[in-house]
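Chemist: Next up is a structure, given as structure tokens.
Number of protein chains: 2
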Amino acid sequence: MPVSPKFAQPPEPPYYAVIFTAQRTPGDNGYEKMAARIAELATGQPGYLGLEGTEDSEGFEITISYWESEECIRDWKAHLDHQIAQKQGRKLWYEHYEIRVARVERAYNMLTLTL
Amino acid sequence: MPVSPKFAQPPEPPYYAVIFTAQRTPGDNGYEKMAARIAELATGQPGYLGLEGTEDSEGFEITISYWESEECIRDWKAHLDHQIAQKQGRKLWYEHYEIRVARVERAYNMLTLTL
Chain Y
1427 MPVSPKFAQP
1437 PEPPYYAVIF
1447 TAQRTPGDNG
1457 YEKMAARIAE
1467 LATGQPGYLG
1477 LEGTEDSEGF
1487 EITISYWESE
1497 ECIRDWKAHL
1507 DHQIAQKQGR
1517 KLWYEHYEIR
1527 VARVERAYNM
1537 LTLTL
Chain R
1427 MPVSPKFAQP
1437 PEPPYYAVIF
1447 TAQRTPGDNG
1457 YEKMAARIAE
1467 LATGQPGYLG
1477 LEGTEDSEGF
1487 EITISYWESE
1497 ECIRDWKAHL
1507 DHQIAQKQGR
1517 KLWYEHYEIR
1527 VARVERAYNM
1537 LTLTL
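Residue numbers (the working numbering), protein chains in the order written: chain Y, 1427 to 1541; chain R, 1427 to 1541.
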């Protein structure tokens, strides 16, 4: 069975992850449309390696994007359209969020021997 | 407004994250009970710094646990009860999962200035 496209498929480590954990506000307020647009924009950014995200029925969301380098992450953060989305996020869409930038050192999955 | 207990509150970086992204199988098959037990066990492990997790209505789950060191992560992975849960996970609860061990380099949130 092929692995679902919900899973990112970055190359072998090392690479970087931006871990975004967030509590959404009630209602949509333009979120779905902007989130789709931002995800599409990220896909075209230099050094983008993939995205995984999920959200429960109470609006607790975790989204992880994978990147080649810290420099790529900084460039994406500074992207104008992304800046606008970040501002909207703070104002409208999120009660709270945490962002953690991490260097992935090793990786394995259900199909590989564990490290 | 205090930050929801759904958010982990690890100390300042550096620390480590185990990123677990998974597609659940349909049905419970004893998962909820074991997951609660394993989460409680993790809390008591040396070097444990917190947990964040969420799952959508289609069973796509992301759980991230935070740890002081890679050594603590290896010890937790080798814990006997956790080993049993891992085996059940592969056999019963998950269609697929990915595990990434990462070193958190920097962190900020909605309330702090961004880096």
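Each residue gets a CB set at the ideal place from its N, CA and C atoms; glycine is no exception.
In the stretch 1457 to 1491 of chain R, which residues sit with their C-beta less than 8 Å from some C-beta in chain Y, listed in chain order?
Modeler: Those residues of the stretch 1457 to 1491 of chain R that come within reach of chain Y (Cβ to Cβ, closer than 8 Å) are E1478, G1479, T1480, E1481, D1482, S1483, F1486, E1487, I1488 and I1490.
Chemist: State the DSSP-derived secondary structure class of G1515/Y, mapped to helix, strand or coil.
Modeler: Residue state, collapsed to three classes: helix.
Chemist: When Cβ atoms are compared, which residues of the stretch 1430 to 1451 of chain Y fall closer than 7 Å to chain R?
Modeler: Those would be S1430, K1432, F1433, A1443, I1445, T1447 and Q1449, in chain order.
Chemist: Would you verify that the beta carbon of I1525/R is, or is not, closer than 7 Å to some beta carbon of chain Y?
Modeler: Answer yes: the Cβ-Cβ gap between I1525/R and chain Y drops below 7 Å somewhere.
Chemist: So does I1510/R have its beta carbon nearer than 6 Å to some heavy atom of the ligand MG?
Modeler: You won't find the ligand MG in this model; it holds no ligand whatsoever.
Chemist: Taking the alpha carbon of Y1442/Y as the point to measure from, which residue in R1532/Y, L1537/Y and M1536/Y has its own alpha carbon closest?
Modeler: Nearest option by C-alpha distance: R1532/Y.
Chemist: Among H1508/R, E1438/R and M1536/R, which one has its Cα closest to the Cα of L1467/R?
Modeler: Of the listed residues, the one whose Cα sits closest to L1467/R is H1508/R.
Chemist: Could you tell me which residues DSSP puts in a beta bridge with R1526/Y?
Modeler: Bridge partners of R1526/Y: I1445/Y and A1533/R.
Chemist: Establish whether the CB of R1500/R and some CB of chain Y are separated by less than 7 Å.
Modeler: No, its Cβ sits nowhere closer than 7 Å to a Cβ of chain Y.
Chemist: Roughly how many whole angstroms lie between the Cα atoms of H1505/Y and Q1471/Y?
Modeler: If I take the Cα positions, the gap works out to 9 Å.
Chemist: Answer with yes or no whether the minimum CB distance from A1528/R to chain B is below 7 Å.
Modeler: Of the protein chains in this structure, namely Y and R, none is chain B.
Chemist: Could you name the residues of the same chain whose beta carbon sits closer than 6 Å to that of T1489/Y, not counting the 5 residues immediately before and after it, in chain order?
Modeler: Taken in chain order, the residues that qualify are F1446 and G1479.
Chemist: What are the partner residues of W1493/Y, as DSSP defines its beta bridges?
Modeler: Per DSSP, Y1442/Y and Y1474/Y.
Chemist: Would you kindly report the start and end of the unbroken alpha helix (DSSP H) that includes E1458/R?
Modeler: First-last of the alpha helix (DSSP H) with E1458/R: Y1457 to T1469.
Chemist: Thinking C-beta only, is Y1474/R closer than 7 Å to Y1434/R?
Modeler: Rather than Tyr, the amino acid found at residue 1434/R in this sequence is Ala. It is not a contact, given that the beta carbons lie outside the stated cut-off.
Chemist: Note down, in chain order, each residue of its chain lying with its Cβ closer than 7 Å to the Cβ of R1526/Y, except the 5 sequence neighbours on either side.
Modeler: Only I1445 meet the Cβ criterion.
Chemist: Exposed or buried, what is G1515/Y when buried is set at 16 or more other beta-carbons lying within 10 Å of its beta-carbon?
Modeler: By the neighbour-count rule (16 or more Cβ atoms within 10 Å), G1515/Y is buried.
Chemist: Where P1436/Y and Y1534/R are concerned, what is the direct C-alpha to C-alpha distance, given to the nearest angstrom?
Modeler: Roughly 24 Å separates the two Cα atoms.
Chemist: Counting only C-beta atoms, is E1531/R closer than 7 Å to chain Y at any point?
Modeler: Yes, E1531/R counts as interfacial toward chain Y.
Chemist: Can you give me the Cβ contacts of N1396/Y inside the same chain, cut-off strictly under 8 Å, excluding the 5 residues immediately before and after it?
Modeler: There is simply no residue 1396/Y to check, as chain Y begins at 1427 and stops at 1541 in what is shown.
Chemist: Can you find a CB in chain R that lies within less than 7 Å of the CB of H1522/Y?
Modeler: Yes, contact with chain R.
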